[in-house]
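Residue numbers (the UniProt record's numbering): 1 to 263.
Here is the structure:
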(Lines of atoms letter the chains of each structure in order from A and count residues from 1; the text may use other names and numbers.)
(Lines give C-alpha, C1' and ligand atoms only; values in the text may rest on other atoms or scores of the structure.)
Protein backbone atom coordinates (compact mmCIF):
# COMPACT_ATOMS: atom_id res chain seq x y z
CA UNK A 1 0.00 0.00 0.00
CA UNK A 2 2.75 2.41 0.79
CA UNK A 3 4.58 1.54 -2.33
CA UNK A 4 1.58 2.26 -4.49
CA UNK A 5 0.93 5.53 -2.71
CA UNK A 6 4.50 6.49 -3.08
CA UNK A 7 4.50 5.57 -6.74
CA UNK A 8 1.27 7.46 -7.33
CA UNK A 9 2.72 10.51 -5.58
CA UNK A 10 5.75 10.55 -7.81
CA UNK A 11 3.69 10.28 -11.05
CA UNK A 12 1.27 13.09 -10.18
CA UNK A 13 3.85 15.75 -9.36
CA UNK A 14 3.17 19.51 -9.36
CA UNK A 15 2.27 21.18 -12.83
CA UNK A 16 4.87 23.19 -14.93
CA UNK A 17 4.91 26.94 -14.31
CA UNK A 18 3.02 29.11 -16.90
CA UNK A 19 4.86 32.36 -16.07
CA UNK A 20 7.21 32.12 -19.08
CA UNK A 21 4.42 32.13 -21.68
CA UNK A 22 2.59 34.98 -20.00
CA UNK A 23 5.80 37.11 -19.97
CA UNK A 24 6.72 36.48 -23.65
CA UNK A 25 3.44 37.77 -25.16
CA UNK A 26 3.91 41.49 -24.29
CA UNK A 27 7.56 41.30 -25.37
CA UNK A 28 6.72 39.83 -28.77
CA UNK A 29 3.92 42.34 -29.28
CA UNK A 30 6.24 45.27 -28.47
CA UNK A 31 8.97 43.86 -30.75
CA UNK A 32 6.47 43.53 -33.62
CA UNK A 33 5.29 47.12 -33.19
CA UNK A 34 8.85 48.44 -33.16
CA UNK A 35 9.70 46.45 -36.30
CA UNK A 36 6.70 47.87 -38.16
CA UNK A 37 7.59 51.42 -37.10
CA UNK A 38 11.18 50.99 -38.29
CA UNK A 39 10.01 49.61 -41.64
CA UNK A 40 7.55 52.47 -42.10
CA UNK A 41 10.29 55.00 -41.28
CA UNK A 42 12.60 53.49 -43.90
CA UNK A 43 9.88 53.62 -46.58
CA UNK A 44 9.26 57.33 -46.03
CA UNK A 45 10.56 59.58 -48.94
CA UNK A 46 13.86 61.29 -48.32
CA UNK A 47 12.75 64.77 -49.48
CA UNK A 48 9.83 64.72 -47.02
CA UNK A 49 12.27 64.26 -44.13
CA UNK A 50 14.02 67.50 -45.07
CA UNK A 51 10.96 69.52 -46.01
CA UNK A 52 8.77 68.54 -43.08
CA UNK A 53 10.65 70.38 -40.31
CA UNK A 54 10.83 73.60 -42.31
CA UNK A 55 7.29 73.49 -43.68
CA UNK A 56 5.76 72.98 -40.25
CA UNK A 57 7.18 76.25 -38.91
CA UNK A 58 7.07 78.90 -41.62
CA UNK A 59 8.50 82.33 -40.99
CA UNK A 60 5.79 84.96 -41.61
CA UNK A 61 8.31 87.80 -41.74
CA UNK A 62 10.37 86.28 -44.59
CA UNK A 63 9.34 87.76 -47.97
CA UNK A 64 9.02 85.59 -51.09
CA UNK A 65 10.55 87.51 -54.09
CA UNK A 66 9.50 86.36 -57.58
CA UNK A 67 12.91 85.01 -58.58
CA UNK A 68 11.51 82.87 -61.40
CA UNK A 69 10.02 85.92 -63.12
CA UNK A 70 13.32 87.76 -63.00
CA UNK A 71 15.21 84.80 -64.42
CA UNK A 72 12.70 84.27 -67.21
CA UNK A 73 12.80 87.95 -68.07
CA UNK A 74 16.58 87.90 -68.38
CA UNK A 75 16.50 84.71 -70.40
CA UNK A 76 13.93 86.09 -72.83
CA UNK A 77 15.86 89.32 -73.33
CA UNK A 78 19.12 87.46 -73.91
CA UNK A 79 17.45 85.03 -76.31
CA UNK A 80 15.95 87.90 -78.32
CA UNK A 81 19.37 89.54 -78.62
CA UNK A 82 20.94 86.21 -79.61
CA UNK A 83 18.30 85.53 -82.25
CA UNK A 84 18.70 88.93 -83.88
CA UNK A 85 22.51 88.86 -84.08
CA UNK A 86 23.16 85.69 -86.21
CA UNK A 87 21.08 87.02 -89.11
CA UNK A 88 23.56 89.83 -89.63
CA UNK A 89 26.62 87.51 -89.47
CA UNK A 90 25.51 85.02 -92.17
CA UNK A 91 28.27 84.75 -94.80
CA UNK A 92 27.55 85.47 -98.43
CA UNK A 93 27.39 82.53 -100.87
CA UNK A 94 30.61 81.75 -102.70
CA UNK A 95 30.18 82.34 -106.47
CA UNK A 96 32.88 79.71 -107.20
CA UNK A 97 31.02 76.96 -105.34
CA UNK A 98 28.76 74.74 -107.43
CA UNK A 99 25.30 73.89 -106.09
CA UNK A 100 22.94 71.16 -107.28
CA UNK A 101 19.30 72.18 -107.27
CA UNK A 102 17.02 69.22 -107.92
CA UNK A 103 13.28 69.63 -108.43
CA UNK A 104 11.02 67.55 -106.19
CA UNK A 105 11.61 65.47 -103.07
CA UNK A 106 14.58 63.26 -102.11
CA UNK A 107 13.55 60.81 -104.85
CA UNK A 108 13.69 63.50 -107.52
CA UNK A 109 10.71 63.66 -109.83
CA UNK A 110 12.79 65.10 -112.66
CA UNK A 111 16.38 66.32 -112.93
CA UNK A 112 16.75 68.33 -116.12
CA UNK A 113 19.90 67.78 -118.16
CA UNK A 114 19.10 69.53 -121.42
CA UNK A 115 16.49 70.59 -123.95
CA UNK A 116 16.49 71.29 -127.67
CA UNK A 117 14.16 72.13 -130.51
CA UNK A 118 13.71 69.30 -132.98
CA UNK A 119 11.54 71.10 -135.52
CA UNK A 120 9.11 73.97 -136.02
CA UNK A 121 6.49 72.22 -133.87
CA UNK A 122 8.45 69.81 -131.64
CA UNK A 123 10.70 70.10 -128.60
CA UNK A 124 12.52 67.48 -126.53
CA UNK A 125 13.52 67.71 -122.86
CA UNK A 126 16.10 65.22 -121.54
CA UNK A 127 16.59 64.43 -117.85
CA UNK A 128 16.76 61.83 -115.11
CA UNK A 129 14.04 60.55 -112.80
CA UNK A 130 13.75 58.12 -109.92
CA UNK A 131 12.58 54.63 -110.88
CA UNK A 132 10.41 54.14 -107.75
CA UNK A 133 8.61 57.38 -108.56
CA UNK A 134 7.72 56.09 -112.04
CA UNK A 135 6.75 52.64 -110.74
CA UNK A 136 4.51 53.70 -107.83
CA UNK A 137 3.68 57.35 -108.56
CA UNK A 138 2.71 57.25 -112.27
CA UNK A 139 4.03 60.73 -113.12
CA UNK A 140 3.18 62.54 -116.33
CA UNK A 141 4.23 65.73 -118.11
CA UNK A 142 2.68 68.66 -119.95
CA UNK A 143 4.44 71.31 -122.06
CA UNK A 144 3.46 74.87 -122.82
CA UNK A 145 5.07 77.78 -124.64
CA UNK A 146 5.11 81.15 -122.84
CA UNK A 147 5.85 84.11 -125.17
CA UNK A 148 7.77 87.11 -123.96
CA UNK A 149 5.81 89.98 -122.42
CA UNK A 150 6.54 92.37 -125.31
CA UNK A 151 5.86 89.82 -128.06
CA UNK A 152 2.39 91.12 -128.91
CA UNK A 153 1.74 94.50 -130.42
CA UNK A 154 0.17 97.26 -128.36
CA UNK A 155 -3.01 97.22 -130.47
CA UNK A 156 -3.45 93.45 -130.40
CA UNK A 157 -4.41 91.34 -127.39
CA UNK A 158 -1.55 90.21 -125.14
CA UNK A 159 0.05 86.88 -126.01
CA UNK A 160 -1.13 83.93 -123.96
CA UNK A 161 0.69 80.69 -123.14
CA UNK A 162 0.17 77.97 -125.75
CA UNK A 163 -0.31 74.42 -124.51
CA UNK A 164 1.20 71.51 -126.45
CA UNK A 165 -1.23 69.37 -128.41
CA UNK A 166 0.63 66.17 -127.49
CA UNK A 167 3.14 65.47 -124.72
CA UNK A 168 4.57 62.02 -124.01
CA UNK A 169 7.70 60.72 -122.28
CA UNK A 170 10.01 57.80 -123.04
CA UNK A 171 12.30 55.71 -120.79
CA UNK A 172 15.04 54.52 -123.17
CA UNK A 173 17.51 53.17 -120.57
CA UNK A 174 15.07 51.30 -118.33
CA UNK A 175 16.35 48.01 -116.88
CA UNK A 176 20.06 48.74 -116.38
CA UNK A 177 19.91 48.17 -112.62
CA UNK A 178 20.22 51.82 -111.58
CA UNK A 179 18.04 53.82 -109.21
CA UNK A 180 17.69 56.72 -111.67
CA UNK A 181 16.74 56.31 -115.30
CA UNK A 182 16.73 58.54 -118.36
CA UNK A 183 13.50 60.35 -119.26
CA UNK A 184 12.94 62.01 -122.63
CA UNK A 185 9.84 64.24 -122.86
CA UNK A 186 8.61 65.04 -126.36
CA UNK A 187 6.40 68.10 -126.86
CA UNK A 188 4.44 68.65 -130.07
CA UNK A 189 2.46 71.87 -130.70
CA UNK A 190 -0.34 72.42 -133.20
CA UNK A 191 1.17 75.78 -134.24
CA UNK A 192 4.80 76.81 -134.48
CA UNK A 193 5.94 78.44 -131.21
CA UNK A 194 7.89 81.67 -131.59
CA UNK A 195 6.76 82.02 -135.20
CA UNK A 196 7.10 85.82 -134.97
CA UNK A 197 10.68 85.36 -133.65
CA UNK A 198 9.92 87.52 -130.61
CA UNK A 199 11.30 84.99 -128.12
CA UNK A 200 9.77 82.95 -125.36
CA UNK A 201 10.20 80.03 -122.96
CA UNK A 202 9.32 76.35 -123.03
CA UNK A 203 7.82 75.39 -119.66
CA UNK A 204 7.53 71.76 -118.56
CA UNK A 205 4.96 70.83 -115.91
CA UNK A 206 5.91 67.58 -114.14
CA UNK A 207 3.06 65.95 -112.16
CA UNK A 208 3.69 63.57 -109.29
CA UNK A 209 0.65 61.38 -109.94
CA UNK A 210 -2.64 61.09 -111.81
CA UNK A 211 -4.03 64.10 -109.93
CA UNK A 212 -3.05 67.46 -111.49
CA UNK A 213 -3.09 69.20 -108.09
CA UNK A 214 0.60 68.60 -107.23
CA UNK A 215 3.23 69.39 -109.84
CA UNK A 216 6.58 71.08 -110.48
CA UNK A 217 7.01 73.90 -113.00
CA UNK A 218 10.34 73.80 -114.88
CA UNK A 219 11.65 76.29 -117.43
CA UNK A 220 13.26 73.87 -119.86
CA UNK A 221 14.29 76.11 -122.76
CA UNK A 222 14.46 79.81 -123.61
CA UNK A 223 14.71 81.35 -127.06
CA UNK A 224 15.97 84.90 -127.30
CA UNK A 225 14.30 87.32 -129.74
CA UNK A 226 15.65 86.78 -133.24
CA UNK A 227 17.29 83.41 -132.47
CA UNK A 228 14.75 81.19 -134.22
CA UNK A 229 15.77 80.15 -137.74
CA UNK A 230 12.95 78.39 -139.56
CA UNK A 231 15.19 77.55 -142.55
CA UNK A 232 17.28 75.22 -140.37
CA UNK A 233 14.35 72.78 -140.21
CA UNK A 234 13.67 72.67 -143.96
CA UNK A 235 15.51 70.42 -146.41
CA UNK A 236 18.31 70.05 -147.13
CA UNK A 237 18.91 69.32 -143.44
CA UNK A 238 22.28 69.76 -141.84
CA UNK A 239 22.31 66.31 -140.22
CA UNK A 240 20.81 63.01 -141.31
CA UNK A 241 20.40 61.50 -137.84
CA UNK A 242 19.87 62.84 -134.35
CA UNK A 243 20.85 60.72 -131.35
CA UNK A 244 19.48 61.62 -127.94
CA UNK A 245 21.28 59.99 -125.01
CA UNK A 246 22.12 60.66 -121.38
CA UNK A 247 25.41 61.41 -119.67
CA UNK A 248 24.61 58.73 -117.11
CA UNK A 249 27.18 56.43 -118.73
CA UNK A 250 29.85 59.02 -119.59
CA UNK A 251 30.61 60.83 -122.82
CA UNK A 252 28.92 60.08 -126.13
CA UNK A 253 30.46 57.12 -127.93
CA UNK A 254 30.48 57.07 -131.74
CA UNK A 255 30.78 53.26 -131.74
CA UNK A 256 27.66 52.93 -129.61
CA UNK A 257 25.73 55.26 -131.90
CA UNK A 258 26.82 53.23 -134.92
CA UNK A 259 25.77 49.96 -133.23
CA UNK A 260 22.42 51.46 -132.26
CA UNK A 261 21.77 52.63 -135.82
CA UNK A 262 22.72 49.20 -137.20
CA UNK A 263 20.34 47.55 -134.73
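For every residue, glycine included, the Cβ atom is placed at its ideal position computed from N, Cα and C.
Subject >> Three-state secondary structure assigned by DSSP to residue 136 >> reply: helix
Original post:
What first and last residue would you give for the beta strand (DSSP E) that runs through residue 185?
Top reply: 180-188
Subject >> Nearest candidate by alpha-carbon position, reference residue 110, set 161, 241, 207, 263 >> reply: 207
Subject >> Sheet register partners of residue 112 (DSSP bridge) >> reply: 127
Subject >> residue 132 versus 34, 108, 219, 237, residue with shortest Cα-Cα distance >> reply: 108
**OP:** With DSSP as the reference, please indicate the residues paired to residue 200 in a beta bridge.
**Re:** 147, 223
**OP:** Report all residues from its chain with a CB closer than 6 Å to the CB of residue 113; omit the five preceding and five following residues, and keep chain order.
**Re:** 126, 127
**OP:** Please say whether residue 102 and residue 221 have beta carbons closer to each other than 8 Å?
**Re:** no
Original post:
Got a sec, what are the start and stop residues for the alpha helix (DSSP H) residue 256 sits in?
Top reply: 254-262
Original post:
Does DSSP put residue 106 in a helix, in a strand, or in coil?
Top reply: coil
**OP:** Would you be able to state if there are at least three C-beta pairs under 8 Å between the region 183-190 and the region 137-149?
**Re:** yes
**OP:** Using alpha carbons as the reference points, say which of 237, 106, 121, 90 lies closest to residue 166.
**Re:** 121
Original post:
Based on Cα-Cα distance, which residue from 196, 43, 96 lies nearest to residue 226?
Top reply: 196
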